[in-house]
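To start, the structure itself, in structure tokens.
Set out below in structure tokens:
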């Protein structure tokens with residue numbers, strides 16, 4: 596397994612792979628890997644000749660007062676995990692390597708798709724995500740890029756960016772991986788104390804019950820939103836950032852559940868903000 | 596020579612070329628080709644195995660009230676000229692092919708480099724240029740992309756975009772091609788009536804005399820700017836949009852001419868806006 600720190604060297608290496616006709620899979624991560632990330636890697640391993648995992652805690656996607664400085668990092672552990680998954684290369688640049696002092700070029704997806712949900716709660720977040728992914732795509736030249744369904748809006752935004760700007764690659768979404776008790780895996784789960792960890796189960800429970808209500812015939816989006824809020828509200832420690840139901844393709848508002856919908860949650864437990872979601876097609 | 600109208604088909608074709616180890620040169624144009632464009636093509640022919648010329652009058656780089664609708668177009672003539680230059684492929688998409696109805700992704704270089712000169716006169720122009728060039732780069736997968744020094748600020752902005760976003764390609768600037776009497780070649784020269792055509796020579800004359808003044812020892816940027824304005828002002832039909840001298844790398848303001856500088860002009864003759872420029876290194 597190769598470990599690259601410099602843009603130029605991995606870009607040259609990836610160019611060589613392409614000339615040899617090899618299919619490159621990229622798994623962009625911020626490190627502190629869990630089973631969710633490893634599922635992305637395994638999916639990439641299945642479909643590609645070369646698997647590249649990037650580990651980069653990207654400063655431009657964190658807002659003021661967010662957890663950039665304290666975001667958990669453990670490169671040694673990450674690289675052993677990736678070696679075990681037979682990854683071909685890790686790309687782990689510094690922030691200074693990725694953003695030169697006079698950096699000033701941005702990629703932005705505009706419209707409802709970035710204005711709602713995490714786009715509303717975290718101004719500038721998706722601009723940071725689309726910009727860094729543009730850079731990673733240009734550096735690693737993937738044929739396929741793998742993202743978790745856990746960050747549903749991120750996957751939607753990147754799919755739109757790839758479509759609008761004609762990146763020569765395909766985004767592959769990989770299903771959410773959950774702990775045995777249903778909590779969606781996240782590097783941020785490490786922040787939770789024992790009581791928050793217990794109460795955080797309410798996210799998946801709310802999504803499950805809301806899906807069941809839809810399956811049982813409920814078609815009123817407003818009532819599903821209310822149900823989500825009630826169930827999450829039953830946890831005394833949960834502070835809802837959003838609990839919404841939108842069109843799963845473009846986050847358009849819906850009244851009636853008559854197409855594929857995304858139920859999306861962001862809930863704070865103390866300082867820790869967790870997200871979860873579920874797609875339902877009727 | 597292949598003619599492609601569809602993104603998917605030329606992107607697939609370019610991918611095949613790359614797998615075969617061929618070096619692709621891209622010459623992005625808005626058509627209505629003149630010797631300046633053909634110089635770009637010849638330069639590409641010299642350095643690349645495959646030369647792709649795009650012909651696309653890009654609506655997103657024109658402002659309200661600009662000449663998008665009347666911009667000259669002549670595909671038959673353009674394609675014969677390119678065939679003669681042994682171009683391998685033309686990419687000539689429609690606006691609808693390039694911009695789907697829900698298009699909403701933009702690439703923007705921010706800062707002085709896009710705020711000054713044409714960035715000030717034509718708000719949104721460079722956002723349109725960087726967005727369409729991102730698309731063309733992603734579609735045609737060039738190793739080298741050729742741009743004219745005539746659009747000096749455009750070349751600077753694209754070089755910055757490529758550097759900041761790590762596009763796997765190099766921008767090659769090709770010197771300005773001039774008519775025998777010194778007028779810089781431009782598709783927009785066709786708009787000029789006989790009298791404007793004569794008076795438009797003042798642009799190159801101003802640049803020549805300003806360069807001579809620098810070579811003769813003038814180091815005060817303000818005085819050079821004044822000289823440019825005086826010479827252009829001597830033409831009764833010329834209406835100055837800008838006549839400036841800046842740092843040639845980033846368009847920073849300068850007082851003293853102690854590095855490589857860009858003298859840049861935009862001047863209207865009636866409804867026709869012409870640009871010209873000259874780099875001077877002391």
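Chains as they are written, first to last, in my numbering: chain A, 596 to 877; chain B, 596 to 877. Here a beta-carbon is modelled for each residue, glycine too, at the ideal position from N, C-alpha and C. Remember, it's a predicted structure, so these values are computed and weren't measured experimentally.
Option in the options with minimal Cα separation from residue i
| i | options | result |
| --- | --- | --- |
| residue 795 of chain A | A/866, A/818, A/806 and A/600 | A/866 |
| residue 712 of chain A | A/857, A/599 and A/636 | A/857 |
| residue 687 of chain A | A/813, A/818, A/641 and A/625 | A/625 |
| residue 864 of chain B | B/817, B/785 and B/776 | B/785 |
| residue 818 of chain B | B/692, B/840, B/606 and B/654 | B/840 |
| residue 724 of chain A | A/735, A/734 and A/709 | A/709 |
| residue 801 of chain A | A/835, A/775 and A/812 | A/835 |
| residue 825 of chain A | A/813, A/805, A/812 and A/815 | A/805 |
| residue 793 of chain B | B/639, B/630 and B/775 | B/775 |
| residue 656 of chain A | A/676, A/672, A/671 and A/718 | A/718 |
| residue 629 of chain B | B/854, B/664, B/647 and B/773 | B/773 |
| residue 668 of chain A | A/684, A/763, A/803 and A/653 | A/653 |
| residue 722 of chain B | A/684, A/703, A/720 and A/799 | A/703 |
| residue 640 of chain B | B/627, B/763, B/599 and B/684 | B/684 |
| residue 677 of chain A | A/665, A/633, A/663 and A/660 | A/633 |
| residue 816 of chain B | B/663, B/627, B/797 and B/877 | B/877 |
| residue 670 of chain B | B/764, B/598, B/755 and B/862 | B/598 |
| residue 831 of chain B | B/847, B/810, B/797 and B/811 | B/797 |
CB-CB length for residue i against residue j, believed under 8 angstroms
| i | j | result |
| --- | --- | --- |
| residue 860 of chain B | residue 827 of chain B | 7 angstroms |
| residue 808 of chain A | residue 822 of chain A | 6 angstroms |
| residue 698 of chain B | residue 845 of chain A | With 8 angstroms as the limit, residue 698 of chain B and residue 845 of chain A do not qualify as a contact, their Cβ atoms being about 12 angstroms apart. |
| residue 778 of chain B | residue 643 of chain B | Going by Cβ atoms, the distance from residue 778 of chain B to residue 643 of chain B rounds to 30 angstroms, so no, they are not a contact pair. |
| residue 705 of chain B | residue 701 of chain A | 7 angstroms |
| residue 869 of chain B | residue 782 of chain B | Residue 869 of chain B to residue 782 of chain B, Cβ: 11 angstroms. No contact. |
| residue 734 of chain B | residue 602 of chain B | 5 angstroms |
| residue 631 of chain B | residue 714 of chain B | Their Cβ separation, rounded to whole angstroms, is 22 angstroms, which puts residue 631 of chain B and residue 714 of chain B out of contact at 8 angstroms. |
Inter-residue spacing [alpha-carbon to alpha-carbon] between residue i and residue j
| i | j | result |
| --- | --- | --- |
| residue 737 of chain A | residue 620 of chain A | 5 angstroms |
| residue 851 of chain A | residue 842 of chain A | 10 angstroms |
| residue 623 of chain B | residue 820 of chain A | 49 angstroms |
| residue 618 of chain B | residue 645 of chain B | 6 angstroms |
| residue 875 of chain B | residue 770 of chain B | 13 angstroms |
| residue 596 of chain A | residue 637 of chain A | 15 angstroms |
| residue 682 of chain A | residue 741 of chain A | 14 angstroms |
| residue 716 of chain B | residue 607 of chain A | 39 angstroms |
| residue 745 of chain B | residue 871 of chain B | 6 angstroms |
| residue 674 of chain B | residue 789 of chain B | 28 angstroms |
| residue 813 of chain B | residue 838 of chain B | 17 angstroms |
| residue 635 of chain B | residue 767 of chain A | 38 angstroms |
| residue 600 of chain A | residue 609 of chain B | 29 angstroms |
| residue 855 of chain A | residue 650 of chain B | 39 angstroms |
| residue 753 of chain A | residue 726 of chain A | 10 angstroms |
| residue 873 of chain A | residue 757 of chain B | 38 angstroms |
| residue 672 of chain B | residue 679 of chain A | 59 angstroms |
| residue 762 of chain B | residue 604 of chain B | 22 angstroms |
| residue 648 of chain B | residue 755 of chain A | 26 angstroms |
Where the alpha helix (DSSP H) containing residue i begins and where it ends
| i | result |
| --- | --- |
| residue 727 of chain A | 720-735 |
| residue 819 of chain B | 816-828 |
| residue 870 of chain A | Note, residue 870 of chain A: premise wrong, no alpha helix (DSSP H); beta strand (DSSP E) at 867-875. |
| residue 640 of chain B | 630-642 |
| residue 791 of chain A | 789-794 |
| residue 606 of chain B | 602-614 |
| residue 673 of chain A | 670-679 |
| residue 810 of chain B | 797-810 |
Segment limits, beta strand (DSSP E) that includes residue i
| i | result |
| --- | --- |
| residue 863 of chain B | 856-864 |
| residue 752 of chain B | From DSSP, residue 752 of chain B is part of no beta strand (DSSP E) but of the alpha helix (DSSP H) over 747-760. |
Inspect the CB distances between the region 598-618 of chain B and the region 746-758 of chain A and report whether three or more fall short of 8 angstroms.
-> no
State whether the region 717-735 of chain A contacts the region 679-694 of chain A, with contact taken as three or more CB pairs (one from each stretch) at a distance under 8 angstroms.
-> yes
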